[in-house]
Each structure stands twice: as structure tokens, then as C-alpha cells.
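Numbering (this note's numbering), first residue to last: 163 to 284. Each residue gets a CB set at the ideal place from its N, CA and C atoms; glycine is no exception. This one's a predicted model, so the numbers in the text were calculated from it and none came from an experiment. Structure, as C-alpha cells:
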Amino acid sequence: MMKSKPARPLGLISHLKRFVTLPPSHACCFYKRSISTSFFIQMTAFEDAAAAVKNLATAPSNDDLLVLYSLYKQATIGDCNTSRPGMMDFTGKAKWDAWNALKGTSKEDAEAKYIEKVKSLQ
């Protein structure tokens, strides 16, 4: 007679899958149902663009990098919420000025412009 193997303990994800069931339209995320589908698609496109920037064939110019930086900060954080860097921090001042120039731009507009800029650099 063959002995049966003892049951393997379930991993945390497998264990949780037994208790948490998501509707098919939200199986890949934990967003609330109140979030519209277009918002979900826009966020995915923004995240894809942010990942694509790291793998560009050619390095963007400094001006392009400043635009990408400022649009990313505006899309993720919103209006500039820090004080301007000191006199000798040239890079920090350039970044701050670029981000501060977008003050008042909505997060959705900044995301859309960021996606367009990444597509133009590819």
C-alpha cells in the first residue's frame, strides 16, 4: 500500500484566493467599482509610459528630461509643494522651475501630456 503525501501548506496568495473573489472586470486590481473604466485604462497607459521611459533606444535631451520630470511630478503629486532649492543647486532649481511652471495643470492633463511625450521619444 502507498502512503499519501501530506498536504502542502498553501502560499499566502493561494490561501487568499480561496477567500477573496473579485468580479471578472476587476480581477487584476483592487480598485473600487466607482472608478470608471476610462480612468483605469488611462492609469495603465500612464504606468506603461513611465516604464517605457526607462528603456528608450536613445537618451533624451536635458530639455526632454525636464519636461518628463515635471509632467510626471504633476501627474503623481500635483502642484509643486516644496520651496525652491538653494542658489548652488542648479539641477534642483531647473527641476523645480519646470515643475512649478505646470502649477494649475490637472493630473489627468499631465498624464495625457506625459504619455504623448513618451510616444514622441520612442
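Tell me the rounded alpha-carbon separation between residue i and residue j.
i: Ser-196; j: Ala-237; result: Note on Ser-196: pLDDT 47, under 50, position unreliable in the model; no value is reported.
i: Val-280; j: Asp-251; result: 27 angstroms
i: Leu-283; j: Gly-248; result: 31 angstroms
i: Asp-210; j: Cys-242; result: 24 angstroms
How should residue i be labelled, buried or exposed, when 16 other C-beta atoms within 10 angstroms of its C-beta is the threshold for buried?
i: Ile-239; result: exposed
i: Ser-113; result: There is simply no residue 113 to check, as the chain begins at 163 and stops at 284 in what is shown.
i: Tyr-276; result: buried
i: Phe-208; result: buried
Which residues in the same chain as residue i place their Cβ atom closer than 7 angstroms to its Cβ, once the five residues preceding and following it in sequence are excluded?
i: Ala-256; result: Leu-228
So, for residue i: in the same chain, excluding its five sequence neighbours on each side, which residues have a beta-carbon less than 8 angstroms away from its beta-carbon?
i: Ala-260; result: Leu-228, Val-229, Tyr-231, Ser-232
Give, in chain order, every unbroken run of the alpha helix (DSSP H) that is at least 4 residues long and sits entirely within the stretch 227–277.
Counting only runs of 4 or more, we get 252–262.
Is it true that the stretch 218–228 meets the stretch 266–275, where meeting means three or more beta-carbon pairs spaced less than 8 angstroms apart?
Between the stretch 218–228 and the stretch 266–275 there are fewer than three C-beta pairs closer than 8 angstroms, too few to call the two in contact.
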